[in-house]
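Visitor:
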Amino acid sequence: MTVAAFHPRPTLSNQEVARYSRHLIMPEVGMDGQLKLKSASVLCIGAGGLGSPVAMYLAAAGVGRIGLVDFDVVDYSNLQRQIIHGTPDVGRRKLDSARDSLHALNPEVEIETHEVALSSANALDLLGGYDVIVDGTDNFPTRYLVNDACVLLGKPNAYGSIFRFEGQASVFAAKDGPCYRCLYPEPPPPGLVPSCAEGGVLGILPGVIGTIQATEAVKLIIGNGEPLIGRFLVYDALRMRFRELKLRRDPDCPVCGDRPTVTELIDYEQFCGVAPAAPAAGTVAGDNGTDAAGDEATVEQLKARIDRADGVFVLDVREPQEFQICRIPGSTLIPLGDLPKRLGELEGRSEMIVHCKSGVRSAKAVKLLREAGFDGAKNLRGGILRWIDTVDPSLPKY
Amino acid sequence: MPTRILIPTPLRGYADQQEVVEAEGATVGELLANMTAEYGGLRKHLYNEDGKLRSFVAIYLNDDDIRFLEKEATPVGEGDTVSIIPSVAGGAGRRA
């Protein structure tokens, strides 16, 4: 007697037959495939840009149980791409907003929400409860954590990643590899690769990459087609070009290789060189006071100097697109990337206040300027966001 | 005969915003050395302090990872294309 005898196959109600009829009449899915979808479970890590289309299409397709991991709140700046959330959802927990959207789309599927930050302590338990994992996170520590947990658990990972107008997708197929670490054994040091929040992203891009991830999840579940295993898809939206690269399992891979050295989850913040729970640079100590260290200035100090018209030089190291959105009066724009070759324009400036959006890039600029001999360069603490909050709330925030 | 090297979006700022640059070289290593001689800003993104290729940037010759060919000694022929494939983490798009 087989185990299945104790777990009767799911069946479809007449209403479900009507709902999934376009699947049921195609041989590649059919009744068998639809019942596999109904019995399957997928965990979406992140309910943002990638997680939105992934979860919506999987719910529409009839995946029986969908888990969502997120601990964020819907913000106006999300709506340009995170289509699972709407304008009335701004300020709500993303999980609540996503659950409502998915239930409206398909009340037949079960939605499980996990309001946690995925960590080495909870990842194996959480991921272990699902058949397929879809990684739609936005940071390297979580990427490596999800990868390693999937390999250790033997779960396939439908991977997608985006930046500006370029996307990547693959399926990391658990124990047989290849896995994310076969391609990238180590993460970049913090700050070397800009994030979406810093670099921007075309709103439709996660739609394309997320639907590829959802497609792969469905294929893995119904066991049909050629999964994106051992292949790395690179998509350039601006040129509308897809390229396919070979991805090989690395026999020396520390996780899925022949002699794995990572046999349990590690500290991924440390692995990625990110200090856990530390405030972001630029919002360092002294947040409540108005005193600034020798190489920093506060927005209050800057405002007083502009009001006195004492000739203070304000250097903005953001990008021109950001400068168009809002600026501090009288400031001069030299994007951080251009600064090394445009130092000549600052010749003779004994003193200057440097700012960016929140203080991270300007801290790098101040370091660079001081190394080049501009000893009077000071970082504006909290950047233009702090300026808007404290000095000029009429300016738009982005 | 120069070889085409495809520059990914995150690194274009270090290559005068070009998506393709050309460089001379008989091997992938030579090509990259000549390219970073011209575009100095790319160097720290491709090489670590010891002058070794960084492990978070994959270098492809056509559709193959050079680590599974002859690494930097991989010969380059006419019509070949080299691609730099950096790791990017973006996805959920949490607030800045």
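Sequences listed follow chains A and B, in order.
Here the working numbering runs 1 ahead of the position in the first sequence, where the first position is 1.
Here the working numbering runs 650 ahead of the position in the second sequence, where the first position is 1.
Ideal Cβ positions, reconstructed from N, Cα and C, are used throughout, including at glycine.
Helix, strand or coil for R350 of chain A? Go by DSSP, reduced to three states.
Guide: Locating residue 350 of chain A in the first sequence gives position 349, where the first residue counts as 1. Coil, per DSSP.
Visitor: Taking A62 of chain A as the reference, which of A:R165, A:F164, A:G31, A:E297 has the closest Cα?
Guide: In the first sequence, residue 62 of chain A corresponds to position 61, counting from 1. That would be A:G31, whose Cα lies nearest to the Cα of A62 of chain A.
Visitor: Taking Cβ-Cβ distances below 8 Å as the criterion, which residues of the region 723 to 737 of chain B are in contact with chain A?
Guide: S733, I735, P736, S737
Visitor: For E297 of chain A, would you say it is in contact with chain B, using Cβ-to-Cβ distances shorter than 7 Å as the test?
Guide: Translated into positions along the first sequence, residue 297 of chain A becomes position 296. It does not: the Cβ of E297 of chain A has no partner Cβ on chain B nearer than 7 Å.
Visitor: Quick check: the Cα distance between L337 of chain A and F166 of chain A, rounded to an integer number of angstroms?
Guide: Numbered from 1 along the first sequence, position 336 holds the residue referred to as residue 337 of chain A. Numbered from 1 along the first sequence, position 165 holds the residue referred to as residue 166 of chain A. Cα to Cα, L337 of chain A sits roughly 21 Å from F166 of chain A.
Visitor: What's the C-alpha gap between L316 of chain A and R350 of chain A?
Guide: The residue given as residue 316 of chain A occupies position 315 in the first sequence. The residue given as residue 350 of chain A occupies position 349 in the first sequence. One alpha carbon belongs to L316 of chain A, the other to R350 of chain A, and they sit about 11 Å apart.
Visitor: For a minimum of 3 consecutive residues, which ranges assigned as the beta strand (DSSP E) are wholly contained in the region 115 to 180 of chain A?
Guide: Taken in chain order, the whole beta strand (DSSP E) runs of length 3 or more contained in the region 115 to 180 of chain A are 133 to 136, 157 to 164, 167 to 174.
Visitor: Does D666 of chain B have its Cβ less than 7 Å from a Cβ in chain A?
Guide: Counting from 1 along the second sequence, the entry for residue 666 of chain B is found at position 16. Not one chain A Cβ lies under 7 Å of D666 of chain B.
Visitor: Cβ closer than 8 Å: which chain A residues qualify as neighbours of G701 of chain B?
Guide: By one-based count along the second sequence, residue 701 of chain B stands at place 51. Those do not exist, as G701 of chain B stays about 17 Å from chain A at its closest Cβ, beyond 8 Å.
Visitor: With a threshold of 8 Å, are at least 3 pairs of Cβ atoms found where one atom belongs to the region 313 to 330 of chain A and the other to the region 352 to 360 of chain A?
Guide: yes
Visitor: Using three-state DSSP, classify E320 of chain A as helix, strand or coil.
Guide: Taking the first residue of the first sequence as 1, we reach residue 320 of chain A at position 319. If DSSP states are grouped into helix, strand and coil, E320 of chain A belongs with coil.
Visitor: In angstroms with no decimal places, state the Cα-to-Cα distance between M57 of chain A and S102 of chain A.
Guide: If you number the first sequence from 1, residue 57 of chain A lands on position 56. If you number the first sequence from 1, residue 102 of chain A lands on position 101. If you take the alpha carbons of M57 of chain A and S102 of chain A, they lie about 8 Å apart.
Visitor: Quick check: is the beta carbon of A282 of chain A nearer than 7 Å to any beta carbon in chain B?
Guide: Taking the first residue of the first sequence as 1, we reach residue 282 of chain A at position 281. Confidence at A282 of chain A is low in this model, with a pLDDT of 41, below 50, so the placement of that residue should be treated as unreliable; the coordinate-derived value is given next. Not an interface residue.
Visitor: With a threshold of 7 Å between beta-carbons, can T659 of chain B be considered close to chain A, or not?
Guide: Within the second sequence, numbered from 1, the residue matching residue 659 of chain B stands at position 9. T659 of chain B counts as touching chain A.
Visitor: Spell out the partners DSSP gives I709 of chain B in its beta bridges.
Guide: Taking the first residue of the second sequence as position 1, residue 709 of chain B is located at position 59. Bridge partners of I709 of chain B: B:I734.
Visitor: With 9 Å as the C-beta to C-beta threshold (strictly closer), list the residues of the region 37 to 50 of chain A near chain C in chain order.
Guide: Among the protein chains of the structure shown, namely A and B, there is no chain C.
Visitor: Rounded C-beta distance between E669 of chain B and P652 of chain B? I'm assuming under 8 Å.
Guide: Locating residue 669 of chain B in the second sequence gives position 19, where the first residue counts as 1. Locating residue 652 of chain B in the second sequence gives position 2, where the first residue counts as 1. E669 of chain B to P652 of chain B, Cβ: 16 Å. No contact.
Visitor: Chain A partners of Y710 of chain B, CB-CB under 7 Å?
Guide: Residue mapping note: residue 710 of chain B aligns to position 60 of the second sequence, counting from 1. Result: L246.
Visitor: So, is G283 of chain A buried or exposed, given that buried needs 16 or more other C-beta atoms within 10 angstroms?
Guide: The sequence position of residue 283 of chain A within the first sequence is 282, counting from 1. Per-residue confidence for G283 of chain A stands at a pLDDT of 39, beneath the threshold of 50, marking its modelled position as unreliable; the derived number appears in the next sentence. Result: buried.
Visitor: When you compare only the Cα positions, how much space is there between I85 of chain A and S53 of chain A?
Guide: The residue given as residue 85 of chain A occupies position 84 in the first sequence. The residue given as residue 53 of chain A occupies position 52 in the first sequence. Distance between the alpha carbons of I85 of chain A and S53 of chain A: 5 Å.
Visitor: What first and last residue would you give for the alpha helix (DSSP H) that runs through N380 of chain A?
Guide: Position 379 of the first sequence, counted from the start, is the residue given in the question as residue 380 of chain A. No alpha helix (DSSP H) contains N380 of chain A, which is instead part of the beta strand (DSSP E) from 378 to 381.
Visitor: Between the C-alpha atoms of I222 of chain A and R244 of chain A, what's the straight-line distance to the nearest angstrom?
Guide: The sequence position of residue 222 of chain A within the first sequence is 221, counting from 1. The sequence position of residue 244 of chain A within the first sequence is 243, counting from 1. Straight-line Cα distance between these residues: approximately 25 Å.
Visitor: Is D700 of chain B near the ligand NAP, going by C-beta to nearest heavy atom under 6 Å?
Guide: With respect to the ligand NAP, the structure offers nothing, as it holds no ligand at all.
Visitor: Interface residues of chain B around Y131 of chain A at Cβ under 8 Å?
Guide: Along the first sequence, read from residue 1 onward, the residue named residue 131 of chain A stands at position 130. Within 8 Å Cβ-Cβ: nothing; Y131 of chain A doesn't reach chain B, min ~18 Å.
Visitor: Rounded to a whole number of angstroms, what is the C-alpha to C-alpha distance between Y77 of chain A and E116 of chain A?
Guide: Counting from one through the first sequence, the residue named residue 77 of chain A turns up at place 76. Counting from one through the first sequence, the residue named residue 116 of chain A turns up at place 115. Approximately 20 Å between the Cα atoms of the pair.
Visitor: Determine which residues share a DSSP beta bridge with H356 of chain A and list them.
Guide: Position 355 of the first sequence, counting from 1, holds the residue named residue 356 of chain A. Listed as beta-bridge partners of H356 of chain A by DSSP are A:D317.
Visitor: Would you decide whether E352 of chain A is buried or exposed? Buried here means 16 or more other CB atoms lie within 10 Å of its CB.
Guide: Position 351 of the first sequence, counted from the start, is the residue given in the question as residue 352 of chain A. By the 10 Å Cβ count, E352 of chain A comes out exposed.
Visitor: Quick check: what's the CA-CA separation for T333 of chain A versus G200 of chain A?
Guide: Counted from its first residue, the first sequence places residue 333 of chain A at position 332. Counted from its first residue, the first sequence places residue 200 of chain A at position 199. Distance between the alpha carbons of T333 of chain A and G200 of chain A is about 21 Å.
Visitor: Check whether the Cβ atoms of A708 of chain B and D714 of chain B sit closer than 7 Å, and answer yes or no.
Guide: Start at 1 with the first residue of the second sequence, and residue 708 of chain B comes out as number 58. Start at 1 with the first residue of the second sequence, and residue 714 of chain B comes out as number 64. Cβ distance not < 7 Å, so A708 of chain B and D714 of chain B don't count as in contact.
Visitor: Which residues in the same chain have their Cβ closer than 6 Å to the Cβ of Y21 of chain A, if we skip the five residues on either side of it in sequence?
Guide: Here the question's residue 21 of chain A lines up with position 20 in the first sequence. Hits under 6 Å: Q35, G63.
Visitor: If we ignore side chains and look at the alpha-carbon of each, how far apart do T212 of chain A and G137 of chain A end up?
Guide: Within the first sequence, numbered from 1, the residue matching residue 212 of chain A stands at position 211. Within the first sequence, numbered from 1, the residue matching residue 137 of chain A stands at position 136. Roughly 11 Å between the two C-alpha positions.
Visitor: Could you check whether the Cβ of N140 of chain A sits closer than 7 Å to any Cβ belonging to chain B?
Guide: What you label residue 140 of chain A is simply residue 139 of the first sequence in a count that begins at 1. N140 of chain A counts as touching chain B.
Visitor: At a Cβ cut of 9 Å, what residues of the region 381 to 398 of chain A count as close to chain B, listed as they run along the chain?
Guide: L386
Visitor: Would W388 of chain A and V313 of chain A qualify as a contact pair, given that the criterion is a beta-carbon distance under 7 Å?
Guide: By 1-based counting over the first sequence, the position of residue 388 of chain A is 387. By 1-based counting over the first sequence, the position of residue 313 of chain A is 312. No, the Cβ-Cβ distance between W388 of chain A and V313 of chain A is not below 7 Å.
Visitor: Nearest by alpha-carbon distance to G65 of chain A: which of A:T216, A:E109, A:R82 is it?
Guide: Looking up residue 65 of chain A in the first sequence gives position 64. Checked all of A:T216, A:E109, A:R82; the closest Cα to G65 of chain A is A:E109.
Visitor: Should the region 654 to 666 of chain B be regarded as contacting the region 366 to 378 of chain A, the criterion being three or more beta carbon pairs within less than 8 Å?
Guide: no
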